[in-house]
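Novice: The structure that follows is given in the form of structure tokens.
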Amino acid sequence: MNEANPVARPPQSGSSPTLIIVAVVLGLVTVVLTNFYINMVRKDVEGRSMHVYRLNRTLEPGERLNVYKDLIPLSVSDKFRESMDAMSVIITNPGDLPVNYHDQPVTRRVNQSEFLSPSFFTGTGKTVDYQVTQGKRGTPLEINSRNAPGLLRPGMYIDISAEFTVPGKKVPQAMRIMERVKVIAVGAVTDESAGNRRINFNTITVETEPAEDLALLTIAKFVGKDGFDISIRNPTDMDARIGVNKQVLALLGLDK
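One point on numbering: in the working numbering, the residue at position 40 of the sequence shown is 42, and numbering is uninterrupted.
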């Protein structure tokens, strides 16, 4: 009688539950670290980028810009900032639309893919009189070029200040004269000595109401050769005093 040989059973396939859990955990950690690295790289790139806009269609003179439909946002390396400044390209913070230009008519033909610039609305190549909104005035002002911040361009909004002798004060006091005034022209003096290109602005033209125009021209007589001081505003900041500061008018006896 032959004894039956026992049949060897093949080992059961499958992995240990512990190994499966470890593999899942390692996979999740890898995904988290990868996403963290991608976000860090993205933030680093954004920190070294400028946010500009191109037009997605051609605009003819008189057509109004729709910032919600006519613009394509782009991120450009910060190493091109000097070139963008030279072209007067509008640069914004991430996610900010240049809403102050919404529904503004362009004063020249603007081709598709051009970078958004104040020159669209200030009539580059045109005389200043055509840049003044009908019913308003273009008021020329002598400014203190030492206090003119950065590259001042037409289309920017500024606050205008000056120093006055105030009764009871030993030193002249700086007082705000007008807020959120639009610059429509800039007079520039360029000095390229020592290979450095420096730009100083001695005269600007701002857009005002007729009464404001007369008041500023009169105040300029008191300010004299020192000129007005200016501060650049964020164009989307609409919180501003309307008209000429009444305290300044009263101080100079112009409130009557």
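Idealized CB from N, CA, C, for every residue including glycine. Predicted model only: the values in this text are computed from it and were never measured.
Who are the Cβ neighbours of residue 160 in its own chain at under 7 Å, not counting the five residues just before and after it?
Specialist: Looking up residue 160 in the sequence shown gives position 158. Contacts found: 183, 185, 232, 233, 234, 235.
Novice: Taking all protein chains shown into account, do 16 or more other C-beta atoms lie within 10 angstroms of the C-beta of residue 103, making it buried, or fewer, making it exposed?
Specialist: Walking along the sequence shown from the start, residue 103 turns up at place 101. Residue 103 comes out buried.
Novice: DSSP on residue 65, reduced to helix/strand/coil?
Specialist: Here residue 65 refers to the residue found at position 63 of the sequence shown. Coil.
Novice: Can you find at least 3 beta carbon pairs, one from the region 63-81 and one from the region 16-36, that sit closer than 8 Å?
Specialist: The region 63-81, when compared against the region 16-36, does not touch it at the 8 Å Cβ threshold.
Novice: Hey, residue 189 and residue 167: beta-carbon distance below 7 Å or not?
Specialist: Position 187 of the sequence shown, counted from the start, is the residue given in the question as residue 189. Position 165 of the sequence shown, counted from the start, is the residue given in the question as residue 167. Result no, Cβ atoms of residue 189 and residue 167 do not sit closer than 7 Å.
Novice: Measure the alpha-carbon distance for residue 254 versus residue 95 and round it to whole angstroms.
Specialist: Translated into the one-based positions of the sequence shown, residue 254 becomes position 252. Translated into the one-based positions of the sequence shown, residue 95 becomes position 93. So the alpha carbons of these two residues sit roughly 40 Å apart.
Novice: Quick one: is residue 97 buried, meaning 16 or more other Cβ sit within 10 Å of its Cβ, or exposed?
Specialist: Here residue 97 refers to the residue found at position 95 when the sequence shown is read from its first residue. It is exposed - the Cβ of residue 97 has fewer than 16 other Cβ atoms within 10 Å.
Novice: Should residue 176 be labelled buried (16 or more other beta-carbon atoms within 10 Å of its own) or exposed?
Specialist: In the sequence shown, residue 176 corresponds to position 174, counting from 1. Flag for residue 176 reads exposed.
Novice: Classify residue 226 as helix, strand or coil using the three-state DSSP reduction.
Specialist: One-based indexing of the sequence shown puts residue 226 at position 224. In the structure shown, residue 226 sits in a helix (DSSP, three-state: H, G or I).
Novice: Near residue 143, which residues of its chain fall below 6 Å by C-beta distance, leaving aside the five closest residues on each side in sequence?
Specialist: Within the sequence shown, the letter at position 141 stands for residue 143. 206, 230.
Novice: What residue from 107, 180, 62, 53 has the CA that sits closest to residue 82's CA?
Specialist: Start at 1 with the first residue of the sequence shown, and residue 82 comes out as number 80. If we check each option's Cα against that of residue 82, 53 comes out closest.
Novice: Looking at the strands, I want to know which residues DSSP matches up with residue 231.
Specialist: One-based indexing of the sequence shown puts residue 231 at position 229. For residue 231, which the question treats as bridged, DSSP gives the partners 163.
Novice: Whole angstroms is fine: what's the gap from residue 191's alpha carbon to residue 147's?
Specialist: As a first step, residue 191 must be located in the sequence shown, where it is residue number 189. As a first step, residue 147 must be located in the sequence shown, where it is residue number 145. In this prediction, residue 191 scores a pLDDT of 45, lower than 50, which makes its location untrustworthy; the coordinate-derived value is nonetheless stated afterwards. So the alpha carbons of these two residues sit roughly 10 Å apart.
Novice: Express the C-alpha separation of residue 221 and residue 58 in angstroms, rounding to a whole number.
Specialist: The residue labelled residue 58 in the question sits at position 56 within the sequence shown. The residue labelled residue 221 in the question sits at position 219 within the sequence shown. Each residue's alpha carbon lies about 45 Å from the other.
Novice: What does the alpha-carbon distance come out to for the pair residue 114 and residue 212?
Specialist: Mapped onto the sequence shown, residue 114 falls at position 112. Mapped onto the sequence shown, residue 212 falls at position 210. Approximately 37 Å, taken between the alpha carbons.
Novice: Rounded to whole angstroms, how far is the Cβ of residue 141 from the Cβ of residue 215, which I believe are closer than 8 Å?
Specialist: As a first step, residue 141 must be located in the sequence shown, where it is residue number 139. As a first step, residue 215 must be located in the sequence shown, where it is residue number 213. Confirmed, Cβ separation roughly 5 Å.
Novice: Whole angstroms is fine: what's the gap from residue 217's alpha carbon to residue 76's?
Specialist: Against the sequence shown, residue 217 aligns to sequence position 215. Against the sequence shown, residue 76 aligns to sequence position 74. Going from the Cα of residue 217 to the Cα of residue 76 covers about 42 Å.
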